[in-house]
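> Questions regarding the structure given below will be posed in turn.
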Amino acid sequence: MFSLTVNSPKPLSLSTPFLPSHPHPLPTITHKPNLTPRPISALIIPPSGQRNQQYSTEGPQQQQLYQPFRPPPSPLPPKFRNLDINSKLEVLANRLGLWYEYAPLIPSLTSEGFTPSTLEEITGITGVEQNRLVVAAQVRDNLVECGLDEETLSCFETGGAELLYEIRLLSGKQRVDAARFMVRNGFDMKQTQDLARAMKDFPRRRIDYGWDKFTGDSPGDCLAFWFFRLAQEHAAAAAEESRVEAMEKALEVVETESARNVLVEVLEGKGVDKDSVIDEQVKVPLVRMKLGEVAESTKVVVLPVCKAEKREFEVEAAPWECDGVGDFGIVEVEKDWRRWVVLPGWQPIAGLERGGVAVSFKSGKLLPWKEKRKYKEEPVLVVADRGRKEVVVDDGFYLVLSGGNGSGDEGLIVERGLTLKEMGVEKSLGMVLLVVRPPRWEDEEQLIDED
Numbered sequence: 014m015f016s017l018t019v020n021s022p023k024p025l026s027l028s029t030p031f032l033p034s035h036p037h038p039l040p041t042i043t044h045k046p047n048l049t050p051r052p053i054s055a056l057i058i059p060p061s062g063q064r065n066q067q068y069s070t071e072g073p074q075q076q077q078l079y080q081p082f083r084p085p086p087s088p089l090p091p092k093f094r095n096l097d098i099n100s101k102l103e104v105l106a107n108r109l110g111l112w113y114e115y116a117p118l119i120p121s122l123t124s125e126g127f128t129p130s131t132l133e134e135i136t137g138i139t140g141v142e143q144n145r146l147v148v149a150a151q152v153r154d155n156l157v158e159c160g161l162d163e164e165t166l167s168c169f170e171t172g173g174a175e176l177l178y179e180i181r182l183l184s185g186k187q188r189v190d191a192a193r194f195m196v197r198n199g200f201d202m203k204q205t206q207d208l209a210r211a212m213k214d215f216p217r218r219r220i221d222y223g224w225d226k227f228t229g230d231s232p233g234d235c236l237a238f239w240f241f242r243l244a245q246e247h248a249a250a251a252a253e254e255s256r257v258e259a260m261e262k263a264l265e266v267v268e269t270e271s272a273r274n275v276l277v278e279v280l281e282g283k284g285v286d287k288d289s290v291i292d293e294q295v296k297v298p299l300v301r302m303k304l305g306e307v308a309e310s311t312k313v314v315v316l317p318v319c320k321a322e323k324r325e326f327e328v329e330a331a332p333w334e335c336d337g338v339g340d341f342g343i344v345e346v347e348k349d350w351r352r353w354v355v356l357p358g359w360q361p362i363a364g365l366e367r368g369g370v371a372v373s374f375k376s377g378k379l380l381p382w383k384e385k386r387k388y389k390e391e392p393v394l395v396v397a398d399r400g401r402k403e404v405v406v407d408d409g410f411y412l413v414l415s416g417g418n419g420s421g422d423e424g425l426i427v428e429r430g431l432t433l434k435e436m437g438v439e440k441s442l443g444m445v446l447l448v449v450r451p452p453r454w455e456d457e458e459q460l461i462d463e464d
């Protein structure tokens, strides 16, 4: 018999001189975990000593949770700087002080771990009101930095948060001008909201009729132009009473003489001929849409869309009428069509009731003016009035076939009226009212620094 002896390998071991000896033995855990639940108040507001001990012992090992960005809070007034959490809550709950004094307590408590819903439950200040107070206090601080006089500032001590919140999107200078105008005219929250929108919207309306007669640095002119545009929309909708009311409001707030003259002429029925308005505006019928502009418009225009490469066939086949009917303004058209676009009710197209069409071009290369290279490749929409086919305005633009004589194979182009007359062309597919560029996220002109 043979026997096998298996030699198992011995585990590797090191001599004790290489192993450090611990001076103290490890403690033995003999206690049991405390399973008693903590009260809800301790979870919301831990004692300050416990919080400090927790941060000092855990240090950077503590898990970092995502927190949404919050603007830096306004500095607390001296009388509120040494208050503890309960005292801050008491100030908010009882509104102890002026609104812009206790408003900075809200972000201070938020940094302590309070949520808007928790603050609402404790203090009775809703989340919406909390946001309004914080933003309005920051706007007031900005007014102080921009040099607004104390007399005007004092007018916002009671009920001023609702007013100052509405001008939050304006620049520093605009805020100062708006604040003085609001105080001078005794504006309420709704009027202040219209004023802020008018001042923000005014630079975008360069192509509108009469824009150059109003002054953008004047809050009254901006608001007057807002009512002036509203009056024109009422006129397009045949609402004469609403049109006159809007014009009267414009005359109440207008500040410059040139703007007042335009309003008086329009109210008296002078200088409002539809053809003359369009003829003046087709000299610069180029505009870039702003993000969200359709949603902010009080009036929109719905147009059928054709492709430029389909030549004149699709333009002539597009629906001529598109009306809103019923209490809900449900859109009805005379025949089915696949492609539509909704545009703001800009002045050149606000009164376009019949025959309007939008033609999509893959690029702006075929526009009859010198384009920057970065704009040549982007698509454009050309809005034309098919009811005005005769080539009569030298400075106007018209939608025609390539070459203007019907022999081109490249589809449709936009051509100047004088050029068409020299070529002997008397009729077009329609007079161009507007050329629209698409909105761009990276357009540096869409937002100012304060936004």
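The numbering of the sequence shown is the working numbering, which starts it at 14 and goes up by one.
From the three backbone atoms N, C-alpha and C, an ideal C-beta is built for every residue, glycine too.
Among all the DSSP beta bridges, which residues are the ones paired with residue 353?
317.
> Please give me, in chain order, every unbroken run of the alpha helix (DSSP H) with length at least 4 that falls completely inside the region 202-254.
Counting only runs of 4 or more, we get 202-214, 232-249.
> Indicate the three-state DSSP secondary structure (helix, strand or coil) for residue 370 in the structure shown.
Three-state DSSP puts residue 370 in a strand.
> What does a CB cutoff of less than 7 Å around residue 137 pick up in its chain, not counting 5 residues either side in sequence?
Hits under 7 Å: 106.
> Jot down the residue ranges of each uninterrupted beta strand (DSSP E) in the region 388-450, minimum 3 residues, whole runs only, in chain order.
Complete beta strand (DSSP E) runs here, min 3: 393-398, 410-414, 425-429, 443-450.
> Would you identify the three-state DSSP class for residue 134, choosing helix, strand or coil?
Helix, per DSSP.
> Does DSSP classify residue 336 as helix, strand or coil?
Strand.
> Cβ of residue 465 within 9 Å of Cβ of residue 337?
Residue numbering for the chain in the displayed model covers 14 to 464; residue 465 lies beyond these limits and cannot be assessed.
> Restricting to Cα atoms, I'd like to know which of 214, 398, 304, 239 is closest to residue 316.
It is 398.
> Got a sec, what are the start and stop residues for the alpha helix (DSSP H) residue 170 sits in?
Counting along the chain, residue 170 falls outside any alpha helix (DSSP H), and DSSP gives it neither H nor E.
> Ends of the alpha helix (DSSP H) at residue 146?
That run of the alpha helix (DSSP H) goes 140-158.
> Taking the alpha helix (DSSP H) that residue 104 falls in, what are its first and last residues?
Unbroken alpha helix (DSSP H) run through residue 104: 98-107.
> So what's residue 343 in DSSP terms, helix, strand or just coil?
The answer is strand: DSSP assigns residue 343 an E or B state.
> Can you give the Cα-Cα distance for residue 240 and residue 436, rounded to whole angstroms?
Rounded to the nearest angstrom, the two C-alpha atoms are 43 Å apart.
> Hey, residue 129 and residue 143 are a contact pair by Cβ (cut 8 Å); roughly how many whole angstroms apart?
Contact holds; Cβ gap of about 6 Å.
> Decide if residue 99 is buried, meaning its Cβ has at least 16 other Cβ atoms within 10 Å, or exposed.
Answer is exposed; the Cβ neighbour count stays below 16.
> State the beta-bridge partners of residue 301 as determined by DSSP.
Answer is 450.
> With 16 other CB atoms within 10 Å as the buried threshold, where does residue 190 fall?
Counting Cβ neighbours within 10 Å, residue 190 comes out buried, since at least 16 surround it.
> Use the C-beta contact count for residue 271: other C-beta atoms within 10 angstroms, 16 or more gives buried, fewer gives exposed.
So residue 271 counts as exposed.
> Give the C-beta separation of residue 411 and residue 428 to the nearest angstrom, bearing in mind that I take them to be a contact with Cβ-Cβ under 8 Å.
Confirmed, about 6 Å.
> Determine whether the beta carbon atoms of residue 425 and residue 433 lie at a separation below 9 Å.
Going by C-beta atoms, residue 425 is not nearer than 9 Å to residue 433.
> If you drop the 5 nearest sequence neighbours on each side, which residues of the same chain put their C-beta closer than 8 Å to that of residue 155?
Counting only Cβ-Cβ distances below 8 Å, and skipping sequence neighbours, we find 185, 188.
> If you draw a straight line from the alpha carbon of residue 166 to that of residue 244, how long is it in whole angstroms?
Their Cα atoms are separated by approximately 34 Å.
> Among 175, 260, 380, which residue has its Cα nearest to the Cα of residue 209?
Closest option to residue 209, Cα to Cα, is 175.
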